[in-house]
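So the structure is just underneath, and the comments pick up after that.
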Amino acid sequence: MLGVLVEKQHTVPDTYPLTLNALVAGCNQKTARAPVMNVTEAEILTAIDGLKSLSLVMEGSSSRVPRFEHNMGRVLGVPSQSVALLTALLLRGPQTAAELRLNAARLHAFADISSVEAFLEELAENDPPYVVRLPRAAGERESRWTHRLCGEVAQSDVRPRDADAPDEAIPPSEFEALKAEHKQLADKVARLQALVEQMAGELGIPVDKSVL
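Just remember that this note's numbering sits 8 ahead of the position in the sequence shown, which is counted from 1.
Right, dumping it as structure tokens:
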């Protein structure tokens with residue numbers, strides 16, 4: 009629920025702070041959520057009471073309809089970049105630094121993966137840690153990160169790596185990048201081949217195209 013408040017502050021600022029109905033809808037939406045939830049108003053109100061006791065959520069008093077807003081950055085004492093990463097972890101579960109850069113983009117545009125990792129390391133060094141790096145699971149190329157705002161990490165999130173397991177298939181984003189790079193190289197080779205043929209023709213040198 010806390011993650012939903014941060015997310016909607018950035019994605020639908022005109023309706024923020026959120027009403028109870030909007031908050032329920034945000035918690036139950038089917039996209040950009042892992043896991044997908046189906047919570048009731050009563051459950052949301054219980055969660056609100058708990059977060060209000062920690063000053064993480066505040067209820068506005070200037071509207072006839074109660075509206076709620078987060079206070080994450082101030083209470084945790086972290087910058088907006090860290091709030092964005094924590095929000096992505098709250099909404100989508102454990103992720104790699106590359107996935108976090110992509111999934112937090114609407115909240116903060118990180119320049120590169122290194123900057124994401126720097127803020128994650130800073131969060132991990134807090135006392136107590138706000139995030140933790142998980143052991144690499146079997147077949148995973150990169151370690152995932154998860155938040156600790158709800159206490160200790162669930163054992164289901166920790167999947168020890170099997171050293172004998174085969175590597176995971178190339179992620180779609182990496183595969184597309186490799187395809188684009190391959191096409192660029194193929195285009196360069198084609199241009200070089202055409203240039204060689206042109207120069208050979210001008211010099212009257214026969215060209216065996218099978219070796220080009």
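Glycine residues also receive a C-beta, built at the ideal position from the N, C-alpha and C atoms. Here the structure is a predicted model, which means the values were calculated and not measured.
From the options, residue whose alpha carbon lies closest to that of residue i
i	options	result
LYS16	ALA96, GLU129 and LEU131	ALA96
CYS35	MET207, ALA55 and PRO21	ALA55
PRO43	ALA113, ILE121 and LEU99	LEU99
SER153	GLY85, SER88, LEU108 and PHE76	First, the residue type needs correcting, since residue 153 is Trp and not Ser in the sequence shown. The shortest C-alpha separation from TRP153 is found at LEU108.
ASP135	THR39, PRO143, ARG144 and GLY85	GLY85
ASN46	GLY58, LEU31, LEU157 and ALA113	LEU31
THR48	ARG41, GLY58, ALA33 and THR39	ALA33
ARG72	SER123, LEU26, ALA113 and GLU51	LEU26
VAL83	THR104, ASN111, LEU10 and PRO143	LEU10
GLY51	GLY68, SER69 and LEU28	The sequence given here has Glu at residue 51, not Gly. The candidate whose alpha carbon is nearest that of GLU51 is LEU28.
GLY58	VAL20, CYS158 and LEU115	CYS158
THR39	SER69, ALA146, VAL12 and LEU53	VAL12
Under the three-state DSSP convention, the category residue i falls into
i	result
MET207	helix
VAL14	helix
LEU64	coil
ARG41	coil
VAL20	coil
ARG1	Coverage of the chain is limited to positions 9 through 220, which leaves residue 1 absent and any answer about it impossible.
THR48	coil
Cutoff 7 angstroms; reference residue i; Cβ partners in own chain excluding five residues on either side
i	result
PHE127	GLN89, SER90 and LEU93
GLU129	none
Residues of its chain near residue i, where Cβ-Cβ distance is below 6 angstroms and the 5 sequence neighbours each way are ignored
i	result
ALA106	ILE121
TYR24	LYS16 and GLN17
PRO137	ARG156
GLY81	VAL91
LEU211	none
ALA112	ALA92, LEU93 and ALA96
GLU67	PRO74 and PHE76
Neighbourhood of residue i by C-beta, 8 angstroms cutoff - its chain only, sequence neighbours within 5 removed
i	result
VAL161	VAL140, LEU142 and THR154
SER151	THR104, ARG141, LEU142, PRO143 and ARG144
ARG41	LEU99 and ARG100
Residue i beta carbon near the ligand PLP (any heavy atom closer than 7 angstroms)
i	result
PHE76	Of the ligands one can find in the structure shown there are none, so the ligand PLP has no counterpart to examine.
Residue ranges of each alpha helix (DSSP H) run of no fewer than 4 residues wholly in the segment 88-164, ordered along the chain? DSSP runs (the alpha helix (DSSP H)) wholly in the segment 88-164: 88-100, 105-111 and 121-132.
At least three beta-carbon pairs within less than 8 angstroms, the segment 53-69 to the segment 114-132: No: fewer than three Cβ pairs fall under 8 angstroms.
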